Amino acid sequence: MSETEMKWYVLRAVSGKEAKVKEYLEKAIVNNDVLKDNVGEILLPTEKYAVLRNGKRVIKEKLFLPGYVLIQAKLQGEVAHTLRFMPNVLGFLGGLDNPTPVKQADINRILGSADESVIEVADVAVPYNVEDAVKVVDGPFSGFSGIIEEVNAEKRKLKVMVKIFGRKSPLELSFTQVEKE
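Going by my numbering, the first residue of the sequence shown is number 6, and it counts up by one from there.
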């Protein structure tokens, strides 16, 4: 049987247990010759995103399709039954009797987007401009109002001139610490 007969299927998994399902499947493939011959790749498509934590940019990963595991397999004989009854597997998309294969074009799109999708928080449109009036909503200067002097989209920081005790003072604040007035 040729490799081209393998099709992509979607296994529904218990939410939060997708990685465990992948681990169980990989162990089962090593120990079971029937699965070794009939199962190809197992994928958990993820996307990367950046968050600010303590003023530093941290890249994290999250599942692109939570609750689902993509599996390339030939569903013949006991293969479908074995895959379906793995721990934390709820079943195939489309049911056990007639699992629906996923189109190769959709898999390519998912793999392509999973490979190149680093969602930059800084790539989001900057909601602030120089000379905008803003109000500080977080931090020790909460409640003060000021005018934006400088916007740093890369670091997601603003330089705001705030009047404190009758004098204008510059504050460096993150986008999340202010809101437009």
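For each residue, glycine too, the CB sits at the ideal point set by N, CA and C.
Treat the numbers as computed from the prediction; the structure is a model and nothing was measured.
>> valine 131 and valine 156 - do their beta-carbons sit closer together than 8 Å?
In response: Against a cut-off of 8 Å, the Cβ pair of valine 131 and valine 156 comes out as a contact.
>> Taking the beta strand (DSSP E) that leucine 57 belongs to, which residues open and close that run?
In response: 51-58 is the extent of the beta strand (DSSP E) around leucine 57.
>> Taking only three categories from DSSP, how would you classify asparagine 157?
In response: When secondary structure is reduced to three states using DSSP, asparagine 157 falls in the strand class.
> Short check: CB of leucine 163 to CB of valine 74, under 8 Å?
Replying inline: Going by C-beta atoms, leucine 163 is not nearer than 8 Å to valine 74.
>> Please report the straight-line C-alpha distance between proline 71 and arginine 161, rounded to a whole angstrom.
In response: One C-alpha to the other measures close to 29 Å.
> Comparing alpha-carbon positions, which option in Glu46, Leu57 and Ala24 lies nearest isoleucine 34?
Replying inline: Nearest of Glu46, Leu57 and Ala24 to isoleucine 34, Cα basis: Glu46.
>> Distance cutoff 8 Å, beta carbons only. Does lysine 108 sit that close to anything in chain B?
In response: Here there is only one protein chain, and chain B is not present.
>> Taking 8 Å as the threshold (C-beta atoms), are isoleucine 152 and glutamate 177 in contact?
In response: Cβ distance not < 8 Å, so glutamate 177 and isoleucine 152 don't count as in contact.
>> Applying the 10 Å Cβ sphere with the 16-neighbour rule, what's the burial state of valine 44?
In response: Using a 10 angstroms sphere on the CB of valine 44, the tally of other CB atoms reaches 16 or more, which defines it as buried.
> Distance, Cα to Cα, proline 50 vs glutamate 23?
Replying inline: Going by the C-alpha atoms only, they are around 10 Å apart.
> Straight-line CA distance for arginine 89 to asparagine 103?
Replying inline: Taken atom to atom, the span from the alpha-carbon of arginine 89 to that of asparagine 103 is near 12 Å.
> Within 10 angstroms of its Cβ, does leucine 101 collect 16 or more other Cβ (buried), or is it exposed?
Replying inline: A residue is called buried when at least 16 other Cβ atoms come within 10 angstroms of its Cβ; leucine 101 does not meet this threshold and is exposed.
> Under three-state DSSP, which class holds glutamine 77?
Replying inline: DSSP places glutamine 77 in the strand class (E or B) of the three-state scheme.
> So which of Pro106, Asn113 and Glu186 has the shortest CA-CA distance to valine 141?
Replying inline: The closest CA to that of valine 141, considering only Pro106, Asn113 and Glu186, is found on Glu186.
> To which residues does DSSP link leucine 68 through a beta bridge?
Replying inline: By DSSP's assignment, leucine 68 forms a beta bridge with Thr51.
> Quick one, which of Pro106, Phe146, Asn93 and Ser150 has its alpha-carbon nearest tyrosine 29's?
Replying inline: Of the residues Pro106, Phe146, Asn93 and Ser150, the one whose Cα lies closest to the Cα of tyrosine 29 is Asn93.
> Among residues of its own chain, excluding the 5 on either side of leucine 95, which ones have a beta-carbon nearer than 6 Å to its beta-carbon?
Replying inline: Only Arg17 meet the Cβ criterion.
> For lysine 22, which of helix, strand or coil comes out of DSSP?
Replying inline: Note: lysine 22 maps to coil in three-state DSSP.
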